Amino acid sequence: MILTRYLLLLKRLFKKKSYIVMLLMVPLMVLALKGVSSGDAGLMTIGVYIPGEDYASSALKENIETEPDSFRYIFYDDSEKLIADVKSQKLSEGWICPDNLDEAVEKIVASGQTDEKVEIIIREQGLSHLLGMEVLNSRVYESLARQMASTYIADKLYKGNPTEEQQEKILKTFDGYEINGNLFELGYLDDFQNQNSDDTNYIMMPLRGMLALWLLILSIAASMYYIEDQQNGIFIWWKSHLSIARDFLYYGVIMLIPTIMVLVGLKIGGVSTSLSREILAIIIYDFTLICLTNIFREIIGTVKGLGLITPILIIASALLSPVFIDIKAGRTFQKLCPTFHYLYSIHDDYYLKTLMLFGMVLLIIWNLIHKIRS
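Under our numbering, read the sequence shown as residues 68 to 441, first letter to last.
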């Protein structure tokens with residue numbers, strides 16, 4: 068009889084257009100991110116103007132051509148055309164190199180400054196442009212490191228005045244040392260690491276956090292459905308000696324399908340880790356969210372009131388949790404957010420335990436509030 072009521076609840080949910088719309092958000096979110104991440108432009112389209120034929124200019128051009136990463140590069144023969152395309156938003160940003168990049172590198176090594184610089188042309192500041200600057204720095208640094216090593220060796224071996232033949236030998240020796248393979252390997256602290264984690268597109272990285280926030284929205288929506296059913300008198304015929312257990316299962320039915328969709332979305336998005344770890348973490352996260360939103364329901368008690376606090380909760384969770392960026396300051400406040408614990412619990416047993424502890428504390432608070440109200 069009780070099982071039948073929960074099955075009927077699930078059936079009623081699929082008759083609610085709002086519930087269907089919320090479910091459709093997951094595949095749309097995953098497909099949208101995958102579409103952007105697999106597009107030709109990747110994160111940014113960068114215009115590049117390299118007029119010089121010197122070693123540093125040629126090395127930079129070859130580096131960009133052979134290792135484009137997730138950016139799309141377009142080479143220009145005219146710097147004015149590049150600037151015009153940045154202005155018209157055909158390009159995310161532009162890189163304009165000096166006529167002789169070798170000379171600029173030599174001056175940097177010799178005196179620490181140069182008038183001839185690589186210019187980065189942007190329309191507005193943003194995180195993507197900071198990333199672009201770091202990428203450019205890393206590519207130019209290869210030529211800078213070559214010149215620094217050459218100057219150092221020439222100073223030690225030839226007192227800073229090598230012959231042309233000796234200088235050529237130094238550079239040839241430096242170029243002969245090549246690092247084969249990647250010097251760095253990504254790994255997590257626990258055993259639940261994704262073997263392909265280093266190949267995950269960075270555009271897909273926020274997916275887990277976005278889906279976690281989506282589950283938070285669903286849990287608040289479950290409270291709204293509960294209040295509506297309570298106002299319609301459904302619980303008059305659905306009494307229980309353990310009303311908290313009844314309410315918990317009510318929320319659990321609403322969260323069941325979305326939770327499965329999140330697991331599937333993480334897998335399709337390429338950010339999923341061990342299946343057992345994913346299931347364990349998301350079950351504890353759901354448990355914590357149910358306790359939290361029941362507390363809000365008990366205290367606020369109206370659909371309108373829950374609707375008013377929803378944007379505040381989502382914005383606060385997005386800021387306090389590492390959904391897009393991890394803000395190290397204010398850890399005390401961050402630990403008051405279930406999403407923070409969940410996102411860290413995927414690769415850290417400590418936060419899996421704190422998430423469970425957080426959920427148990429919320430359950431006790433919910434039980435106390437429920438008894439007081441009763």
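Virtual Cβ for every residue (Gly too), placed ideally from N, Cα, C.
Computed from a predicted model, the values in this text were never measured in an experiment.
Report task. Could you tell me how far apart the beta carbons of Glu494 and Ile163 are, in whole angstroms, since I believe they sit closer than 8 angstroms? Result -> In the structure displayed, the chain extends from 68 to 441; residue 494 sits before or after that span and is not available.
**Report entry** Same chain, Cβ closer than 8 angstroms to Asn263, neighbours up to 5 away in sequence not counted
**Finding:** Model confidence at Asn263 stands at a pLDDT of 46, short of 50, so the residue's coordinates are unreliable; what they give is reported in the following sentence. Scanning its chain for C-beta atoms nearer than 8 angstroms, with the 5 sequence neighbours on each side dropped, one finds around Asn263 the residues Gly337, in chain order.
Query raised in the report: Quick one: any contact between the region 390–402 and the region 339–348, if contact means 3 or more CB pairs under 8 angstroms?
Result: These segments do not touch.
Report task. Measure the C-alpha to C-alpha separation of Glu365 and Asp152 and round it to an integer number of angstroms. Result -> The straight-line gap from Cα to Cα measures roughly 56 angstroms.
Query raised in the report: Taking Cβ positions, are Leu77 and Val390 nearer each other than 9 angstroms?
Result: No, the Cβ-Cβ distance between Leu77 and Val390 is not below 9 angstroms.
Query raised in the report: Buried or exposed: where does Phe259 fall if 16 or more other Cβ atoms within 10 Å of its Cβ makes it buried?
Result: In this prediction, Phe259 has a pLDDT of 49, which is less than 50 and means its spatial position is unreliable; nothing more can be read from the coordinates.
Report task. Would you be able to state if there are at least three C-beta pairs under 8 angstroms between the region 156–172 and the region 197–211? Result -> Between the region 197–211 and the region 156–172 there are three or more C-beta pairs closer than 8 angstroms, enough to call the two in contact.
Query - Residue from Met200, Gln233, Glu134 and Ser85 with nearest C-alpha to Gly161 - result: Measuring from the Cα of Gly161, the nearest candidate turns out to be Met200.
**Report entry** the region 116–127 in contact with the region 283–303 per 3-pair CB rule at 8 angstroms
**Finding:** Taking 8 angstroms as the limit for Cβ pairs, the verdict is that the region 283–303 does not touch the region 116–127.
Query raised in the report: If you compare alpha carbons, which of Tyr225, Arg79, Val329 and Leu323 is closest to Val97?
Result: Considering only alpha carbons, the answer is Val329.
Query raised in the report: Quick one: what's Thr112 bridged to in DSSP?
Result: In the DSSP output, where bridge partners are listed per residue, Thr112 has Arg139.
Query raised in the report: For Ile379, which of helix, strand or coil comes out of DSSP?
Result: Ile379 falls in the helix class under three-state DSSP.
Query raised in the report: Relative to the C-alpha of Ser384, which residue among Phe81, Trp281 and Val370 is closest?
Result: Looking only at Phe81, Trp281 and Val370, the smallest Cα-Cα distance to Ser384 is reached by Trp281.
Report task. Mind checking who Gly161 pairs with in its DSSP beta bridge? Result -> Looking at the DSSP assignment, Gly161 forms a beta bridge with Gly114 and Ile188.
Requested in this report: Say whether the region 75–91 touches the region 123–139, bearing in mind that this needs 3 or more beta-carbon pairs closer than 8 angstroms, one atom from each stretch.
Outcome: No, the region 75–91 does not touch the region 123–139.
Query raised in the report: So Lys174 is in the alpha helix (DSSP H); what residue range does that whole segment cover?
Result: Counting along the chain, the unbroken alpha helix (DSSP H) around Lys174 starts and ends at Leu168 to Ser178.
**Report entry** As assigned by DSSP and simplified to three states, the class of Glu120
**Finding:** Looking at Glu120 - three-state DSSP - the assignment turns out to be coil, as it is neither helix nor strand.
Report task. Could you tell me whether the Cβ atoms of Met111 and Arg139 are closer together than 9 angstroms? Result -> Between Met111 and Arg139, the gap from beta carbon to beta carbon is short of 9 angstroms.
Report task. Going by CA-CA distance only, name the one from Met215, Gly368 and Leu149 that's closest to Ala177. Result -> Here the closest residue by C-alpha is Met215.
Requested in this report: Identify, in the order they occur along the chain, each residue of the same chain with its Cβ nearer than 8 angstroms to the Cβ of Gly29, setting aside the five sequence neighbours on each side.
Outcome: As displayed, the chain neither begins before 68 nor continues past 441, which places residue 29 out of reach and without an answer.
Query raised in the report: What three-state label does DSSP hand Ser217 in the structure shown?
Result: Residue state, collapsed to three classes: helix.
Report task. In the DSSP assignment, find the alpha helix (DSSP H) that holds Glu232 and state where it starts and stops. Result -> Run containing Glu232: Glu231 to Gly243, per the alpha helix (DSSP H) assignment.
Query - Distance CB(Met322)-CB(Leu359) smaller than 9 angstroms - result: No. Outside cutoff.
Query raised in the report: In three-state terms, what does DSSP make of Phe81?
Result: In the three-state scheme derived from DSSP, where H, G and I count as helix and E and B as strand, Phe81 is classed as coil.
Report task. Buried or exposed for Lys84, please, with buried defined as at least 16 other CB atoms from any protein chain shown within 10 angstroms of its CB. Result -> The residue in question, Lys84, is exposed, as its Cβ has fewer than 16 Cβ neighbours within 10 Å.
Query raised in the report: Anyone know if the C-beta pair for Ile287 and Phe407 falls short of 9 angstroms?
Result: Their beta carbons are not under 9 angstroms apart, which means Ile287 does not touch Phe407 by this criterion.
Report task. Taking Ser343 as the reference, give the member of Leu435, Ala221 and His414 with the closest Cα. Result -> For the residues Leu435, Ala221 and His414, the minimum Cα distance to Ser343 belongs to His414.
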